[in-house]
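For the sequence shown, our numbering begins at 22 and goes up steadily by one.
For glycine and all other residues, C-beta sits at the position ideal for the given N, C-alpha and C.
Source: prediction; values computed, not measured.
Below you'll find the structure, written out as structure tokens, and then a few comments.
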Amino acid sequence: MSSWNPRIDQVRYNAAEQCFEALVTVVTAQGLLRIASQYTAPITTDFEEAARGLWMRARLHLGTPEMMQLRLPGLSQAVPEAA
22 MSSWNPRIDQ VRYNAAEQCF EALVTVVTAQ GLLRIASQYT APITTDFEEA
72 ARGLWMRARL HLGTPEMMQL RLPGLSQAVP EAA
């Protein structure tokens, strides 16, 4: 089951590219998926709008091999069972 309530971390503004950049984390059946995202907008953009743009751009790139993504195993997969 996927949770489409993303967590958006490390938001920063790249003045050279005139865009917001962030890591967007989504919970999937396989664990956490972190996607690097960019949203082109002026620095005066409202944070909620920038966050929406970052999330929409991340969704567009889900599963795209050329985009930087990191998949972390779910907790049940990462912790071995006791003997």
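_Output needed for E42: all residues of its chain with C-beta closer than 6 Å, excluding positions within five of it in sequence on either side, in chain order._
The residue given as residue 42 occupies position 21 in the sequence shown. Taken in chain order, the residues that qualify are R33, N35, Q59.
*asked:* Assuming P63 and Q39 are in contact, meaning their beta carbons sit under 8 Å apart, how far apart are those beta carbons, in whole angstroms?
replied: Position 42 of the sequence shown, counting from 1, holds the residue named residue 63. Position 18 of the sequence shown, counting from 1, holds the residue named residue 39. Sure, about 7 Å apart at Cβ, within 8 Å.
*Grouping DSSP H, G and I as helix and E and B as strand, with all else coil, what is E42?*
Translated into the one-based positions of the sequence shown, residue 42 becomes position 21. It is a strand residue.
*Report all residues from its chain with a CB closer than 7 Å to the CB of T61; omit the five preceding and five following residues, and keep chain order.*
Working through the sequence shown from its first residue, we reach residue 61 at position 40. Result list for T61: Q39, C40, in chain order.
*Roughly how many angstroms separate the alpha carbons of G74 and T49, rounded to a whole number?*
For this step, residue 74 is matched to residue 53 along the sequence shown. For this step, residue 49 is matched to residue 28 along the sequence shown. Taking the straight line joining both Cα atoms gives about 21 Å.
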